[in-house]
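Chains A and B supply the protein sequences, listed in that same order.
Residue numbers are given in my numbering: position 33 of the first sequence equals residue 34, and the series is strictly consecutive.
Residue numbers are given in my numbering: position 56 of the second sequence equals residue 60, and the series is strictly consecutive.
All C-beta atoms, glycine included, are put in the ideal place defined by N, C-alpha and C.
From a predicted model like this one, the values you see are computed outputs, not experimental measurements.
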Amino acid sequence: MERLNQAPRPGGGYSMLGTLTLLAGLGAIGLLRPALEPAKAWQPAFVMTEAVAEQVNTSPFALILGEIRASAADLMWVKTERYLHRGVAYAPHLNADNLARTGETVNRAEESRSAGAEHVHDEHCDHEADADGAGADAGHGAEVALIPDRESDYRGFIGVLHREVQPWEGGDQPHEHSGGEQLLPWYRLLTLSDPHHWRGFMIGAWWLMQQREEGAVSLAEARSFIEEGIRHNPDVFQLHLMHGRVLTRLEEWDGAIGAFRRAVEVGLKLRPEGGVEEPPVWTLSEEEDFEMAVRYIAMIQARKLNDIPAALATIEWGLRLVPGDGPLTHLREDLTTAGE
Amino acid sequence: MSLAAQETLLSMETPRGPRPWGPLARAAWIQAVRRSEIHVLLILLGLYGLAALILRLIGIESAQTARFIAGLGLQLGSCLAMLLVIILIGRQVPTEIDQRTIYPMLAKPVSRMQLLLGKALPIWLAGVAALGLFVGVTLLITPRLPIQHPVVLAEALVLRAGGLAMAGALAMWLSLRLPMAVAMLATAAAAFFGGMAGNFAAQAGGRLGALAARFIPDFSLLDQFQRYVDGGRPLSLAEIAGLLLYAALWTFLFSVLAGTTFRRMAL
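Now the structure itself:
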């Protein structure tokens with residue numbers, strides 16, 4: 002059993018030798034490590050540019066986790082939409098194809114009902130109109146709920162029970178909205194989960210702006226939130242538009258004009274000639290946002306900065322982009338008349 | 005310890021050469037088989053085979069899908085082999101100590117360092133064999149793309165074997181200092197997130213962080229399967245040598261630490 006007691010005496014020569022060996026080994030590793038860094042980076046054979054290669058993680062695990070993150074963000078987005086409708090699930094709100102590709106949740110029922118009308122927007126943007134106008138509880142347009150009404154439900158008693166225990170509105174009722182302030186944590190989470198979910202940034206910043214009682218604090222948060230969104234999605238012109246709107250509320254006029262100009266510049270890269278619809282790249286929703294960015298610039302110059310020549314020049318520029326635009330034409334008439 | 009393993013040890017009554025850890029390795033292998041540890045490998049291989057069968061039925065229609073499946077299979081195989089080595093090596097000595105079967109082993113004419121080597125070596129070999137099997141199955145089910153170089157695959161296999169040795173040595177050392185489960189988790193964390201931690205330290209910690217990052221074991225350097233999948237160029241001989249030296253240095257350091265800890269351990 003001699004071997005059982007073979008441990009060397011603490012503090013003996015072995016310990017010193019061992020320590021020196023460890024230090025030498027660590028030193029060698031420290032010297033070697035920087036030289037190995039190039040082994041971590043390689044140029045995939047199918048990626049053309051280094052810039053693209055830097056942004057792409059080709060690992061299948063990364064791809065799968067990325068999909069899970071994006072899916073989680075989509076689920077949270079759907080949850081916020083349902084919450085805004087007081088828990089009522091409306092059947093036509095989700096265009097799964099668009100949701101998968103762009104996060105867009107176009108209201109197909111409204112789209113078909115009012116093709117060419119002024120209100121074809123994604124569902125969350127409808128709430129902007131509500132908050133701007135008649136208040137958060139205003140409803141608009143009858144919708145078809147996911148749970149069918151009595152006439153079209155073959156399930157009989159089960160259907161009755163379903164309508165009783167789940168939030169539900171009949172097809173003849175206008176759907177109602179609730180306030181979105183309580184959803185702010187969801188917008189925060191979904192944009193953390195998927196930083197490219199630009200609608201989460203846009204609508205989250207919108208609801209932050211609506212927290213009137215919080216005042217400057219919430220406006221500062223809205224600004225920070227939308228700027229974070231722009232950092233992650235610099236090519237989404239709607240985010241620049243929302244940035245401009247936040248700065249407008251902060252009365253930072255020059256910054257707001259800059260943001261609206263960037264929105265127009267970025268939007269022009271996508272916008273088809275004349276702003277004609279080319280779904281899914283450019284729909285009436287995008288065109289409305291684009292026109293809004295142009296109008297804001299002229300409005301701020303005319304009404305806030307009182308720079309009439311600049312406003313008129315902007316109007317001319319805007320009318321070349323959006324020929325016959327009503328608000329711009331009216332503003333030009335106002336300014337011209339006032340000038341005379 | 006199983007009867008067969010004890011018999012093998014008993015057969016070493018007379019030292020037969022300068023490397024008595026050979027029979028120890030055989031004993032550890034027999035023990036792994038008797039304790040059904042090796043069955044883990046068979047189960048994992050069965051899962052791989054099932055996935056392969058499903059993919060064969062569904063079919064791989066595009067190069068992109070082939071690349072994705074190959075990447076998934078190779079990385080999964082790499083991870084599973086790593087886990088196998090960590091779990092099996094991590095439980096070797098603590099189990100022997102708990103069951104008091106360590107004493108007959110220490111009574112034999114083998115040094116404690118030799119005992120550790122005899123425990124770790126067959127499991128490392130089993131891990132390398134498992135990695136080879138997983139890689140083989142993956143290659144069988146996915147067509148090789150023209151951009152993928154067999155040389156890169158061979159390099160990746162050799163380097164990953166070095167990574168398994170590193171992980172095995174770390175698991176052995178930590179299992180002597182920490183509770184068994186904690187040691188396994190800590191080793192797995194180092195093996196799977198060590199590279200990430202190094203990057204984080206280097207980016208967030210300034211110059212000091214960058215210096216500290218050099219001394220965090222980076223197992224991701226030794227995982228080059230994605231390079232093969234993506235059609236990256238083969239590493240140069242100097243790069244391969246550097247990476248193997250890196251793995252050897254860490255393995256040596258962890259082994260020295262394990263040996264020192266074990267020699268000083270009161271049993």
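Closest Cα partner of residue i within the set the options
i: Pro-150/B; options: Leu-271/B, Tyr-232/B, Ile-244/B; result: Tyr-232/B
i: Ala-56/B; options: Thr-142/B, Pro-154/B, Gln-152/B, Gly-213/B; result: Thr-142/B
i: Leu-242/A; options: Ala-264/A, Ile-227/A, Arg-232/A, Gly-275/A; result: Ala-264/A
i: Lys-80/A; options: Gly-181/A, Gly-160/A, Ala-29/A, Thr-22/A; result: Gly-181/A
i: Arg-218/B; options: Val-97/B, Ala-205/B, Leu-178/B, Leu-261/B; result: Ala-205/B
i: Leu-27/A; options: Thr-265/B, Gly-263/B, Leu-249/B; result: Leu-249/B
i: Ala-329/B; options: Pro-221/B, Gly-209/B, Arg-104/B; result: Residue 329/B is absent from the model: chain B starts at 5 and stops at 271.
i: Ala-146/A; options: Arg-156/A, Leu-162/A, Pro-168/A, Tyr-155/A; result: Pro-168/A
i: Ala-260/A; options: Leu-271/A, Arg-296/A, Asp-75/A; result: Arg-296/A
i: Gly-171/A; options: Asp-154/A, Gln-183/A, Phe-158/A, Trp-187/A; result: Asp-154/A
i: Ile-227/A; options: Trp-199/A, Leu-190/A, Pro-280/A; result: Trp-199/A
i: Val-157/B; options: Ala-192/B, Lys-112/B, Pro-238/B, Arg-95/B; result: Looking at the sequence shown, residue 157/B is not Val but Leu. Closest by alpha carbon: Pro-238/B.
i: Gly-236/B; options: Arg-148/B, Ile-145/B, Gln-152/B, Lys-112/B; result: Gln-152/B
i: Leu-137/B; options: Leu-49/B, Arg-38/B, Leu-226/B; result: Leu-49/B
i: Leu-135/B; options: Ala-160/B, Ser-115/B, Arg-116/B, Phe-223/B; result: Ala-160/B
i: Gln-68/B; options: Ala-71/A, Ile-204/A, Pro-45/A; result: Pro-45/A
i: Ala-221/A; options: Met-203/A, Leu-248/A, Leu-271/A, Phe-202/A; result: Leu-248/A
i: Gly-94/B; options: Ala-201/B, Arg-104/B, Met-184/B; result: Met-184/B
i: Ile-47/B; options: Ala-70/B, Asp-102/B, Leu-253/B, Gly-81/B; result: Gly-81/B
i: Leu-76/A; options: Val-161/A, Arg-333/A, Gly-19/A, Gly-201/A; result: Gly-201/A
i: Glu-287/A; options: Lys-270/A, Ile-298/A, Gln-302/A; result: Lys-270/A
Below-7 Å beta-carbon distance, residue i vs any chain B residue
i: Ser-225/A; result: no
i: Gly-31/A; result: yes
i: Ala-217/A; result: no
i: Pro-196/A; result: no
i: Arg-34/A; result: yes
i: Thr-20/A; result: no
i: Ala-90/A; result: no
i: Phe-62/A; result: yes
i: Leu-24/A; result: no
i: Arg-114/A; result: Residue placement at Arg-114/A is poorly supported in this model, since its pLDDT is 38, which falls under 50; the coordinates still yield a value, given next. No - not a single Cβ of chain B is within 7 Å of the one on Arg-114/A.
i: Leu-322/A; result: no
i: Ala-42/A; result: no
i: Ala-71/A; result: no
i: Ala-206/A; result: no
i: His-128/A; result: Low local confidence applies: a pLDDT of 45 at His-128/A is under 50, so the model's placement there is unreliable, and no value is given.
8 Å contact criterion, which residue i and residue j should meet: CB distance rounded
i: Leu-163/B; j: Leu-247/B; result: 6 Å
i: Leu-193/A; j: Leu-209/A; result: Incorrect: roughly 15 Å between the Cβ atoms, too far for contact.
i: Ala-262/B; j: Leu-120/B; result: 6 Å
i: Ala-124/B; j: Met-176/B; result: 5 Å
i: Leu-4/B; j: Ala-190/B; result: This structure does not reach residue 4/B, given that chain B is present from 5 up to 271, and the question cannot be answered.
i: Phe-238/A; j: Val-267/A; result: 4 Å
Unbroken alpha helix (DSSP H) run spanning residue i, endpoints
i: Gly-136/B; result: 116-145
i: Met-77/A; result: 61-85
i: Gly-199/B; result: 184-208
i: Lys-270/A; result: 254-271
i: Gln-96/B; result: 96-102
i: Asp-234/B; result: 229-234
i: Ala-314/A; result: 309-322
i: Pro-186/A; result: 185-194
i: Arg-246/A; result: 238-250
i: Asp-290/A; result: 285-300
i: Phe-256/B; result: 241-268
i: Arg-232/A; result: 217-233
i: Ser-179/B; result: 154-181
i: Leu-306/A; result: Run containing Leu-306/A: none; DSSP gives neither H nor E here.
i: His-163/A; result: 158-166
Residue-chain proximity (residue i, chain A), Cβ-Cβ < 7 Å
i: Leu-225/B; result: yes
i: Val-260/B; result: yes
i: Ile-151/B; result: yes
i: Leu-178/B; result: no
i: Asp-234/B; result: yes
i: Gln-207/B; result: no
i: Gln-2/B; result: For residue 2/B there is no data in the structure shown, the boundaries of chain B being 5 and 271.
i: Glu-65/B; result: no
i: Gln-103/B; result: no
i: Thr-264/B; result: yes
- Query: Should the region 126-134 of chain B be called in touch with the region 90-109 of chain B, which here means at least 3 C-beta pairs below 8 Å?
  - Reply: yes
- Item | Three or more C-beta pairs below 8 Å linking the region 47-67 of chain B and the region 207-216 of chain B | no
- Query: Can at least three beta-carbon pairs, one atom from the region 288-304 of chain A and one from the region 242-252 of chain A, be found at a separation below 8 Å?
  - Reply: yes
- Query: If we count Cβ pairs, one from each stretch, closer than 8 Å, do we get three or more for the region 63-75 of chain A versus the region 252-267 of chain B?
  - Reply: no
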